[in-house]
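Read top to bottom, the protein sequences are chains A and B. So the first sequence is numbered by the UniProt record's numbering: it starts at 1 and just counts up by one. So the second sequence is numbered by the UniProt record's numbering: it starts at 1 and just counts up by one.
Number of protein chains: 2
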Amino acid sequence: MVLKNKDASTEEKIKEAARTVFTQKGYSATRTRDIAEEAGINLALLNYYFRSKEKLFELVMAEKVSELFGVIAPIVNSKKTSLDEKVTLIVDAYITMLSQNPGLPLFVLSEIRNNPEHFGNRIQAGKLLTESFFVKQLIEKRPDIHPLHFIVNILSMSIFPFITKPVLESAGVMNSDQLNEFTEERKILIVKWFKVMIEA
Amino acid sequence: MVLKNKDASTEEKIKEAARTVFTQKGYSATRTRDIAEEAGINLALLNYYFRSKEKLFELVMAEKVSELFGVIAPIVNSKKTSLDEKVTLIVDAYITMLSQNPGLPLFVLSEIRNNPEHFGNRIQAGKLLTESFFVKQLIEKRPDIHPLHFIVNILSMSIFPFITKPVLESAGVMNSDQLNEFTEERKILIVKWFKVMIEA
DNA sequence: AAAAGATTTAATCATTTGATTAAAAACAAA
DNA sequence: TTTGTTTTTAATCAAATGATTAAATCTTTT
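Dropping the structure here:
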């Protein structure tokens, strides 16, 4: 019997094109023909390899959700690092990752908005925000303030510049290189700011 | 000659429905039939009053951009308020406004991402972030740190919870009421945090 | 009331779009 | 080479969708 020997290169070309186009334009604005063109393949091949636009999207989306939330999972659950160390690691991990993939947060957030039912409890991020060891450390340090406030502060200050990238560029505030410089600076600043906030 | 006497009520019903549907699903995922149904009108009326889906969208979008950026314009340009006062006003204005319109930022940001060319320099927000009196006050206070860092901090901490609302709800971290409570708390906290950050 | 104009409706168009099909081409096994 | 299998292509389909049209209804003016 002959093994399935799909040309992995073609399949991967389609998936890569799908990543690009879906992330750039979102599910609804993406035409399967856009993906085919981006991949340099015949339209029918998309269905041959992935059955449907939706199936292909789910594949890409699952990847992107992992990328976005996977960053912090190992950090916030560690029992070996201090509070301050965790903040340093989180900020650094997010800014480094998003510099390579700036469209990621806006993509994931807007697709979840468009179809909240579809994601249901598939997102385990909830537990990271409410049950991780990081949360315990925050409560220990500041029992008077809900830990989510600090988590939102750290994430927002790290991620927000990337979410607003399209506006910053359209409005001529920054170009792509300047944004990277700016967020690189923030790696150190945010940690410093966190330290004074947690004591304030 | 008889004046054009369009039934303003119908026109407004369509515009209102368009606001709802466009904001919820974005331009591409919105069908003109969705808007017609939401407005309770015949599909053809949409074109009768607004020519095309795109024209209607531009109308709504212009409104939404104003809502989103109009909030801060009068505050940051005032010469009568102190730095701290401005921060208090900005945070309060945004959180109050977004509590009534939580989907606004994600909508505007993702539409600009989908079609950056289209917005070009139509967004005057750039000047608010680079040339306002608020910026001068920030530089005066902390000439060593780019003022945009502080502006991003204030805006991100205020707006980010609303951007992530769909995730927070899907993941079961918070429901809508809890989010309002949470952001209401932040009105005071963010100002406090800003004060220690600007001194740090 | 009659005429003129504005608004609304049902039906229909043309295009786009996701998907399928049948045949061709490429490849592997014998 | 021959045979069978996988991959690719061009052509086509059916449904969805933005838009238009022509007729019907309602409103205003005279």
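Glycine included, C-beta positions come from ideal geometry on N, C-alpha and C.
Listed along the chain, the chain B residues whose CB falls inside 8 Å of the CB of residue 22 of chain A amount to none; the nearest CB is some 12 Å away.
If you check the CB distance, residue 182 of chain A and residue 105 of chain A do not come in under 7 Å. In this structure residue 171 of chain B touches residue 125 of chain A by the C-beta definition: roughly 5 Å separates them, less than 8 Å.
Between residue 25 of chain B and chain A, the shortest Cβ-Cβ separation is below 7 Å. Pairing residue 18 of chain A with residue 35 of chain A gives a Cβ-Cβ distance under 7 Å. Here residue 10 of chain B carries a helix assignment [DSSP, helix/strand/coil]. Taking 7 Å as the CB threshold, residue 106 of chain A lines the interface with chain B. The beta carbons of residue 15 of chain B and residue 59 of chain B sit about 7 Å from each other, so the pair counts as a contact at 8 Å. Taken in chain order, the whole alpha helix (DSSP H) runs of length 4 or more contained in the region 97-127 of chain A are 104-114, 116-119. The contact set of residue 119 of chain A on chain B, defined by CB atoms closer than 7 Å, consists of 170 in chain order.
Under the Cβ criterion of 7 Å, residue 19 of chain A is not counted among the residues facing chain B.
Apart from sequence neighbours up to five positions away, the residues of its chain that approach residue 138 of chain A with a beta-carbon distance below 6 Å are 147, 150, ordered along the chain.
The Cβ of residue 116 of chain B sits closer than 7 Å to at least one Cβ of chain A.
A straight-line Cα-Cα distance of about 45 Å links residue 64 of chain A and residue 79 of chain B. Here residue 83 of chain A has 134, 137, 138, 141, 198 as same chain residues with Cβ atoms under 8 Å from its own Cβ, once five neighbours each way along the sequence are excluded.
Among the residues of the region 183-198 of chain B, those with a Cβ less than 9 Å away from any Cβ of chain A are 185, 186, 189, 190, 192, 193, 195, 196, 197, in the order of the chain.
For the region 85-97 of chain A, the set of positions with a beta-carbon nearer than 9 Å to some beta-carbon of chain B is empty. Counting every other CB atom within 10 Å of its CB across the protein chains shown gives residue 23 of chain A a total of 16 or more, marking it as buried. Taking a C-beta distance under 7 Å as the contact criterion, residue 200 of chain B and residue 196 of chain A qualify as a contact pair.
For chain A, the residues of the region 134-168 of chain B that bring a beta carbon within less than 9 Å of one of its beta carbons are 145, 146, 148, 149, 152, 153, 155, 156, 157, 158, 159, 160, 161, 163, 164, 165, 166, 167, 168, in chain order. By the C-beta density criterion, residue 120 of chain A is exposed, having fewer than 16 other C-beta atoms within 10 angstroms. A residue is called buried once 16 or more other Cβ atoms fall within 10 Å of its Cβ, and residue 55 of chain A, having fewer, is exposed.
Take the alpha-carbon of residue 187 of chain A and the one of residue 74 of chain B: they are about 31 Å apart.
Taking 7 Å as the cut-off, the beta carbon of residue 113 of chain A is found no closer than this to the beta carbon of residue 116 of chain B. Counting along the chain, no alpha helix (DSSP H) covers residue 172 of chain B, and no H or E run does either.
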